[in-house]
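Below is one structure; the comments refer to it alone.
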Amino acid sequence: MSQVSPGPPRMGFFTDTSVCIGCKACEVACKEWNAIPEDGLNLTGMSLDNTEKLDANTWRHVAFIEQRKPLAFQEPGVRHTGPVPDLATPPAEAPMTPMTPGEPGDLRWLMASDVCKHCTHAACLDVCPTGALFRTEFDTVVVQADVCNGCGYCIPACPYGVIDQRKEDGRAWKCTMCYDRIGDGLQPACAKACPTESIQYGPLDELRERASERLDTMHAAGVTDARLYGDDPNDGVGGTGAFFLLLDEPEVYGLPPDPVATTRDLPAMWRHAALAAAGLVGAGVIACLRSS
Amino acid sequence: MGRPRDALTGVAAGRRRRRGRGEQPVVPDAQFTSYYGRPVVKRPVWRTLDIAGYLFVGGLAGSSSVLAAGAHFTDRPTLARAGKITAAGGVVVAAVLLVHDLGRPERFVNMLRVFKPTSPMSVGSWLLSGYGPAAGLAAVSAVTGRLPRLGTLATVGAGLIGPTITTYTAALISDTAVPAWHGGHREMPYVFAGSGASAAGGLGLLAAPVWENTPARRMALMGGIVELAAYRLMEHRLGMVAEPYRTGTAGWLVRASEALTVAGLAGAVLGRRNRLVCAVSGGALVSASAFMRFGIFKAGVASAEDPKYTVGPQRERLNARDGSGIGRV
Chain A
3 MSQVSPGPPR MGFFTDTSVC IGCKACEVAC KEWNAIPEDG LNLTGMSLDN TEKLDANTWR
63 HVAFIEQRKP LAFQEPGVRH TGPVPDLATP PAEAPMTPMT PGEPGDLRWL MASDVCKHCT
123 HAACLDVCPT GALFRTEFDT VVVQADVCNG CGYCIPACPY GVIDQRKEDG RAWKCTMCYD
183 RIGDGLQPAC AKACPTESIQ YGPLDELRER ASERLDTMHA AGVTDARLYG DDPNDGVGGT
243 GAFFLLLDEP EVYGLPPDPV ATTRDLPAMW RHAALAAAGL VGAGVIACLR SS
Chain Y
272 MGRPRDALTG VAAGRRRRRG RGEQPVVPDA QFTSYYGRPV VKRPVWRTLD IAGYLFVGGL
332 AGSSSVLAAG AHFTDRPTLA RAGKITAAGG VVVAAVLLVH DLGRPERFVN MLRVFKPTSP
392 MSVGSWLLSG YGPAAGLAAV SAVTGRLPRL GTLATVGAGL IGPTITTYTA ALISDTAVPA
452 WHGGHREMPY VFAGSGASAA GGLGLLAAPV WENTPARRMA LMGGIVELAA YRLMEHRLGM
512 VAEPYRTGTA GWLVRASEAL TVAGLAGAVL GRRNRLVCAV SGGALVSASA FMRFGIFKAG
572 VASAEDPKYT VGPQRERLNA RDGSGIGRV
């Protein structure tokens with residue numbers, strides 16, 4: 003047998019939400035490249051988030067969170083001490099100006115671009131009965147649209163609520179990490195479009211190192227709330243191929259705080275199901291015994 | 272679903288408890304953070320009538336095959352025939368429901384493209400494709416009297432595969448991130464086995480004359496008692512995630528099921544010499560099984576729709592592991 007080539011390294015996303023500016027270029031680039039159908043133009047009242055969630059027609063979703071929490075440290079570097087230039091409303095009559103006194107830093111705005119996590123132990127892939135979901139040579143998880151029969155099992159199996167059914171076509175859809183781009187050495191569309199490098203694409207090992215350095219920098223700068231999410235290979239999904247630097251607890255962003263791939267407990271489920279089935283056979287035998 | 276507009280994150284989380292009937296909480300609801308009250312996991316897209324219906328029909332059919340096989344070998348022909356016809360009819364209905372629920376029904380045969388033990392739906396598809404022909408053959412032979420040897424063989428086959436049809440569906444729904452299903456994954460197979468046995472027994476009581484219905488009564492008794500006990504155990508283990516089983520549509524479905532089971536068992540025992548009482552009791556048991564499956568289905572959907580059932584247990588688990596929360600270095 004000839005030598006087995008090692009194949010490409012595991013590729014992933016590191017989404018550093020601390021530099022996300024909420025521009026949604028990732029959402030647009032994703033929709034454009036993947037030719038995802040338009041799915042409504044709604045005003046939700048959820049801050050500037052009118053996309054609401056990841057689903058069959060949204061593979062990148064930018065969350066907006068407004069919080070009454072102090073920023074770790076603010077230094078504008080600009081002092082508004084000089085005379086105020088002429089304004090339409092004189093400052094004395096204006097309800098609020100940049101110089102209106104108040105508690106500083108008691109509002110912060112979190113923005114985060116969410117995406118399929120491409121789990122190491124992917125529940126969607128495990129439960130897929132047709133083999134439509136498969137693991138690529140980049141260790142990403144992709145649905146083959148020509149195989150999927152729309153059974154819908156992957157949808158409640160995902161611990162992050164990512165994959166969903168496209169109603170008008172019946173099949174399940176989610177982020178492919180631009181499988182058709184990365185094979186040609188291109189970046190996924192979202193990472194390419196991100197103007198602040200909040201979305202970084204690359205070999206997962208490199209990204210994890212970079213993320214760990216970034217976390218140290220943030221802690222040193224006094225942002226003690228910063229934490230990595232999905233970088234731990236010992237978590238319930240074996241670590242994720244798309245991981246995040248968050249500035250608050252995961253549930254604030256709509257992410258599960260301790261996700262577990264449901265199939266971790268499947269051996270126990272099969273054991274109990276087998277035992278229960280055996281019990282049923284036993285019950286049938288006992289029920290039909292003739293008293294002598 | 273109404274969209275909470277005032278749900279500033281970092282403040283309160285779960286949907287407010289609706290006022291009205293139902294159990295009053297002894298402990299006030301713990302507060303969990305969420306993103307504008309939006310669900311974390313996706314609710315199943317399965318249609319209630321299709322999939323809850325399948326959970327019931329599959330359980331009834333599989334357990335009926337067991338009872339039919341037992342009756343077949345102990346010379347209770349009416350009971351055996353009723354069980355075989357129920358099983359065969361049930362498996363046809365089940366197949367229709369399952370194919371109808373697919374997003375791409377014309378691709379149903381893709382279910383047999385691979386065999387994956389990690390997917391209860393794949394395992395179930397293969398089980399059903401073995402069980403269906405066996406149950407069908409057993410019924411055809413019983414009704415026509417032809418091919419008695421093959422019929423006997425099919426009766427044995429259906430009797431052995433039938434129980435797995437009854438219980439694999441418990442693994443199927445528990446193997447999801449739906450909190451009220453996954454949290455009950457240890458007890459669910461026993462609830463399903465009990466519910467299926469009780470329904471099969473009920474159908475036997477409905478169909479067989481009093482001199483043949485002893486196995487049906489025993490089956491119903493064993494099944495009903497196991498179902499009630501396993502369900503209570505599951506509810507206890509679920510803790511706060513048991514709430515969706517007690518409230519709303521799921522709440523009344525489960526309560527109705529329990530009442531019907533108790534009434535059906537009492538009638539089956541006390542009215543054992545009366546054909547009519549036996550039949551009515553049997554009907555009560557069959558419908559109790561259906562109510563239970565629909566209740567469990569509805570409870571699962573409700574638990575997926577409210578983020579508190581996803582976040583709450585996970586947050587508690589994390590806090591128990593280390594007080595500081597995830598990744599906080």
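Residue numbers (our numbering), protein chains in the order written: chain A, 3 to 294; chain Y, 272 to 600.
Think of the CB as a built atom: it goes at the ideal place given N, C-alpha and C, for glycine as much as any other residue.
All values reported here derive from a predicted model rather than from experimental measurement.
Can you check whether the CB of residue j is closer than 8 angstroms to the CB of residue i?
{"i": "residue 464 of chain Y", "j": "residue 281 of chain A", "result": "yes"}
{"i": "residue 17 of chain A", "j": "residue 165 of chain A", "result": "no"}
{"i": "residue 141 of chain A", "j": "residue 243 of chain A", "result": "yes"}
{"i": "residue 432 of chain Y", "j": "residue 472 of chain Y", "result": "no"}
{"i": "residue 248 of chain A", "j": "residue 19 of chain A", "result": "yes"}
{"i": "residue 154 of chain A", "j": "residue 452 of chain Y", "result": "no"}
{"i": "residue 390 of chain Y", "j": "residue 129 of chain A", "result": "yes"}
{"i": "residue 340 of chain Y", "j": "residue 427 of chain Y", "result": "yes"}
{"i": "residue 347 of chain Y", "j": "residue 486 of chain Y", "result": "yes"}
{"i": "residue 342 of chain Y", "j": "residue 410 of chain Y", "result": "no"}
Under 8 angstroms by Cβ, that's how I've got residue i and residue j pegged, so tell me the actual separation to the nearest angstrom.
{"i": "residue 303 of chain Y", "j": "residue 572 of chain Y", "result": "Incorrect: roughly 19 angstroms between the Cβ atoms, too far for contact."}
{"i": "residue 513 of chain Y", "j": "residue 314 of chain Y", "result": "Wrong, their Cβ atoms sit about 18 angstroms apart, outside the cutoff."}
{"i": "residue 283 of chain A", "j": "residue 460 of chain Y", "result": "About 14 angstroms; that fails the 8 angstroms criterion."}
{"i": "residue 326 of chain Y", "j": "residue 564 of chain Y", "result": "4 angstroms"}
{"i": "residue 24 of chain A", "j": "residue 50 of chain A", "result": "6 angstroms"}
{"i": "residue 152 of chain A", "j": "residue 305 of chain Y", "result": "So it is not a contact: roughly 29 angstroms between Cβ atoms."}
{"i": "residue 13 of chain A", "j": "residue 203 of chain A", "result": "7 angstroms"}
{"i": "residue 520 of chain Y", "j": "residue 569 of chain Y", "result": "5 angstroms"}
{"i": "residue 436 of chain Y", "j": "residue 329 of chain Y", "result": "5 angstroms"}
{"i": "residue 420 of chain Y", "j": "residue 270 of chain A", "result": "Not really, about 40 angstroms apart at Cβ, beyond 8 angstroms."}
{"i": "residue 161 of chain A", "j": "residue 258 of chain A", "result": "6 angstroms"}
Just the chain A side, please: which residues come within less than 7 angstroms of residue i by C-beta, in chain order?
{"i": "residue 341 of chain Y", "result": "286, 287, 289 and 290"}
{"i": "residue 585 of chain Y", "result": "258, 259 and 260"}
{"i": "residue 317 of chain Y", "result": "154"}
{"i": "residue 486 of chain Y", "result": "289 and 290"}
{"i": "residue 435 of chain Y", "result": "279"}
Closer than 7 angstroms by beta-carbon distance: list the chain Y residues that pair up with residue i, in chain order.
{"i": "residue 142 of chain A", "result": "The premise fails here: residue 142 of chain A is roughly 18 angstroms from chain Y at the closest Cβ pair, so nothing lies under 7 angstroms."}
{"i": "residue 173 of chain A", "result": "374 and 375"}
{"i": "residue 163 of chain A", "result": "310, 311, 312 and 313"}
{"i": "residue 249 of chain A", "result": "Ordered by position in chain Y, no residue passes the 7 angstroms Cβ test against residue 249 of chain A, which lies about 11 angstroms from the chain."}
{"i": "residue 176 of chain A", "result": "What residue 176 of chain A touches in chain Y: nothing, since even the nearest Cβ is about 11 angstroms away."}
{"i": "residue 255 of chain A", "result": "306"}
{"i": "residue 223 of chain A", "result": "Those do not exist, as residue 223 of chain A stays about 14 angstroms from chain Y at its closest Cβ, beyond 7 angstroms."}
Give the interface partners of residue i over in chain A, defined as CB-CB distance under 8 angstroms, in chain order.
{"i": "residue 589 of chain Y", "result": "259 and 260"}
{"i": "residue 337 of chain Y", "result": "282, 283, 285 and 286"}
{"i": "residue 490 of chain Y", "result": "285, 286 and 289"}
{"i": "residue 303 of chain Y", "result": "253"}
Could you list which residues in chain A have their beta carbon closer than 9 angstroms to that of residue i, in chain order?
{"i": "residue 446 of chain Y", "result": "125, 128, 129, 155, 159, 264, 265, 267, 268 and 271"}
{"i": "residue 412 of chain Y", "result": "Simply none; closest approach about 19 angstroms."}
{"i": "residue 575 of chain Y", "result": "158 and 163"}
{"i": "residue 568 of chain Y", "result": "Chain A residues near residue 568 of chain Y: none, gap ~11 angstroms exceeds 9 angstroms."}
{"i": "residue 237 of chain Y", "result": "Look at the range of chain Y in this structure, 272 to 600, and you will see that residue 237 of chain Y is not part of it."}
Please list the partners that residue i has in chain Y, where partner means a Cβ-to-Cβ separation under 9 angstroms.
{"i": "residue 215 of chain A", "result": "What residue 215 of chain A touches in chain Y: nothing, since even the nearest Cβ is about 13 angstroms away."}
{"i": "residue 149 of chain A", "result": "378, 381 and 384"}
{"i": "residue 166 of chain A", "result": "313 and 316"}
Return yes when at least one heavy atom of the ligand NAD lies under 7 angstroms from the C-beta of residue i, else no.
{"i": "residue 397 of chain Y", "result": "The model depicted lacks the ligand NAD and carries no ligand whatsoever."}
Taking three-plus beta-carbon pairs below 8 angstroms as touching, is the region 203-222 of chain A in contact with the region 535-552 of chain Y?
no
Under 8 angstroms, with one C-beta from each stretch per pair, do the region 371-391 of chain Y and the region 331-347 of chain Y reach the 3-pair mark?
no
Please determine if the region 231-239 of chain A and the region 256-276 of chain A are in contact, where contact requires at least 3 C-beta pairs separated by less than 8 angstroms.
yes
Evaluate the contact criterion for the region 524-535 of chain Y versus the region 426-445 of chain Y: three or more CB pairs, one atom per stretch, below 8 angstroms.
no
Three CB pairs or more closer than 8 angstroms across the region 144-164 of chain A and the region 173-190 of chain A
yes
Are three or more beta carbon pairs between the region 271-289 of chain A and the region 486-495 of chain Y nearer than 8 angstroms?
yes
Give a yes or no on contact between the region 126-133 of chain A and the region 365-372 of chain Y, applying the rule of three or more CB pairs nearer than 8 angstroms.
no
In chain order, each alpha helix (DSSP H) run of at least 4 residues that lies wholly inside the region 157-185 of chain A
181-184
Of all the alpha helix (DSSP H) runs that stay within the bounds of the region 532-598 of chain Y, which reach a length of 4 or more residues?
546-576 and 578-592
For the 8 angstroms Cβ check, are there 3 or more pairs between the region 557-569 of chain Y and the region 480-488 of chain Y?
With the cut-off at 8 angstroms, the region 557-569 of chain Y and the region 480-488 of chain Y do not touch.
The region 52-68 of chain A touching the region 161-175 of chain A, judged by at least three CB pairs closer than 8 angstroms
yes
So, does the region 349-366 of chain Y touch the region 190-205 of chain A, judging by three or more C-beta pairs under 8 angstroms?
no
Please give me, in chain order, every unbroken run of the beta strand (DSSP E) with length at least 3 that falls completely inside the region 219-262 of chain A.
229-231 and 244-248
Every unbroken alpha helix (DSSP H) inside the region 311-371 of chain Y [4 residues or more]
319-344
Going residue by residue through the region 419-456 of chain Y, where are the continuous alpha helix (DSSP H) segments of at least 4 residues, counting only ones entirely within it?
419-445 and 450-453
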